[in-house]
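Engineer: Residue numbers for the sequence shown follow numbering that gives the first Met the number 0, so the first one is 0 and each next one is one higher. Following this message is one structure expressed as structure tokens.
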Amino acid sequence: MKIIIFKNRDVRNIYTNNLVSIIVPVYNSEEFIAENLLSILNQDHKNLEAIMVDDGSTDSSINIIKEIAKNDSRVKYIRQENQGAPAARNNGLLHSQGDFLYFIDSDDRLSNRAVSLMLTSFSMTDADIVIGQYQNMDENGNLNHIQDFGYSKSSILTTKEDLKELVFLPPFPGNKMYKMSIIKDNQIKFASVKIAQDLNFYLKALLGANKVSIIDEVVYYYRFRLGSISNTYTKSILEIKESINDVESFYKDNNQFDQFLFLNIRFLYYSYQLSKIPQIKSEKERSLVFKTLKKDLKKIPKNSLYSNIYRKKYWNTTLKINMEIIFLSKFYQNYQNKKK
């Protein structure tokens with residue numbers, strides 16, 4: 000890993016005239032879609048296309064988007080039957096014409112210089128993926144803390160030397176921009192799963208990349224909403240298995256499979272899903288998910304875990320597995336919901 004400091008923020012950007020495709024899956028987002036779309040159109044980098052993929056909305060989202068589009072030809076509106084965000088993003092990808100690719104969610108917004116900052120990093124580092132900082136905000140748009148994902152300083156990582164670090168960065172799409180070539184040349188798309196579609200896409204994209212640049216500026220504001228799809232849990236969280244199986248097959252097909260790497264990926268992300276179980280409303284589903292993840296986690300040898308994964312997750316996960324009665328109890332569920 001190489002740490003760099005960008006001393007000259009106004010360094011010449013060779014991608015000034017390149018087209019950036021920004022894809023937004025939209026489903027009943029009337030409350031936030033205007034703010035979202037205007038944050039795209041008001042970027043200081045003007046050569047972009049905002050591809051708004053309406054995933055069967057039944058509210059006034061379509062009208063808001065079309066009204067804004069009347070005054071800006073950069074807005075592309077696509078309508079599809081409701082199929083979920085992964086399908087909407089893939090549909091947007093099919094219609095994209097840009098040299099660079101950016102996915103954002105319809106209730107979030109970009110900082111005004113997000114695109115130009117990331118393009119400047121591409122220009123300076125010859126990276127294939129650029130990752131920026133992101134900041135949480137509440138439902139009303141009030142900014143909270145900047146999310147700490149381990150890299151607050153400008154850094155360059157290579158997939159050859161730093162893959163073990165890169166695969167464990169948050170797969171969240173809103174703070175990442177990709178060179179379009181690594182996505183289309185490797186035929187990468189979002190898997191049709193309800194859980195971990197972001198992880199699936201990000202891990203596949205890493206396989207097509209050589210270099211990743213991380214910048215220290217906030218580029219994205221993430222709106223946390225209680226009751227949103229991403230914060231509502233059911234037995235569908237078991238689709239984490241299908242998602243990782245799909246990535247594993249992708250790595251095998253490209254002769255890049257590392258057994259220990261995937262054992263650690265499974266342990267980390269199964270552990271994340273395990274922690275969500277108390278928030279599943281159905282007692283039957285809580286039990287089913289717990290028993291399934293417990294069985295799979297126990298199959299992963301302790302001595303196969305990387306030191307950072309062992310240190311961060313092993314004992315906490317083991318404690319939950321061994322405290323089944325308490326962990327699945329109504330009391331603990333109420334405690335977690337109150338904490339949430």
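Glycine included, each C-beta is placed from N, C-alpha and C at the ideal position.
#1: For the beta strand (DSSP E) that Arg78 lies in, which residues bound it at each end?
#2: If you count every other CB in all the chains shown that lies within 10 Å of the CB of Tyr334, and 16 or more means buried, which is it?
#3: Any idea what DSSP makes of Asn185, helix, strand or coil?
#4: Compare the Cα-Cα distances from Asn46 to each of Val114, Gly83, Ile64 and report the closest residue.
#5: Look at the alpha carbon of Lys290 and the alpha carbon of Tyr313, and state the distance between them as a whole number of angstroms.
#6: Helix, strand or coil for Asn27, going by three-state DSSP, please let me know.
#7: For the alpha helix (DSSP H) containing Gly91, name the first residue and the last one.
#8: Grouping DSSP H, G and I as helix and E and B as strand, with all else coil, what is Gly131?
#9: Short of 8 Å in beta carbon distance, which residues of its chain neighbour Ile325, apart from the five on each side in sequence? Order them along the chain.
#10: DSSP three-state call for Ile157: helix, strand or coil?
#11: Look at the alpha carbon of Lys163 and the alpha carbon of Leu267, and state the distance between them as a whole number of angstroms.
#12: Go ahead and pull the three-state DSSP assignment for Phe148.
#13: On the DSSP bridge list, what partners appear for Glu48?
#14: Pick helix, strand or coil for Phe99, following the three-state DSSP scheme.
#15: Quick one, are the C-beta atoms of Ser303 and Leu262 less than 8 Å apart?
#16: If you drop the 5 nearest sequence neighbours on each side, which residues of the same chain put their C-beta closer than 7 Å to that of Lys188?
#17: Can you tell me which of the three DSSP states Arg108 falls into?
#18: So, with DSSP's three-state summary, where would you put Tyr309?
#19: Taking the straight line between their C-alpha atoms, what separation do you get for Phe141 and Lys329?
#20: Is it true that the CB of Ala49 sits closer than 8 Å to the CB of Glu40?
#21: Going by DSSP in three states, Tyr14 sits in which element: helix, strand or coil?
#22: Measuring straight from C-alpha to C-alpha, what distance separates Asp98 and Ile63?
Structural biologist: In terms of the structure at hand:
#1: 74-79
#2: exposed
#3: coil
#4: Val114
#5: 17 Å
#6: coil
#7: 84-93
#8: strand
#9: Tyr331
#10: In the sequence on display, residue 157 carries Thr and not Ile. Correct three-state label for Thr157: strand.
#11: 12 Å
#12: coil
#13: Ser20
#14: strand
#15: yes
#16: Asn89, Leu92
#17: strand
#18: helix
#19: The displayed chain sequence assigns Asn, not Phe, to residue 141. Near 33 Å, if we compare the C-alpha coordinates of Lys329 and Asn141.
#20: At residue 40 the sequence reads Leu, which differs from the Glu that was named. Going by C-beta atoms, Leu40 is nearer than 8 Å to Ala49.
#21: coil
#22: 27 Å
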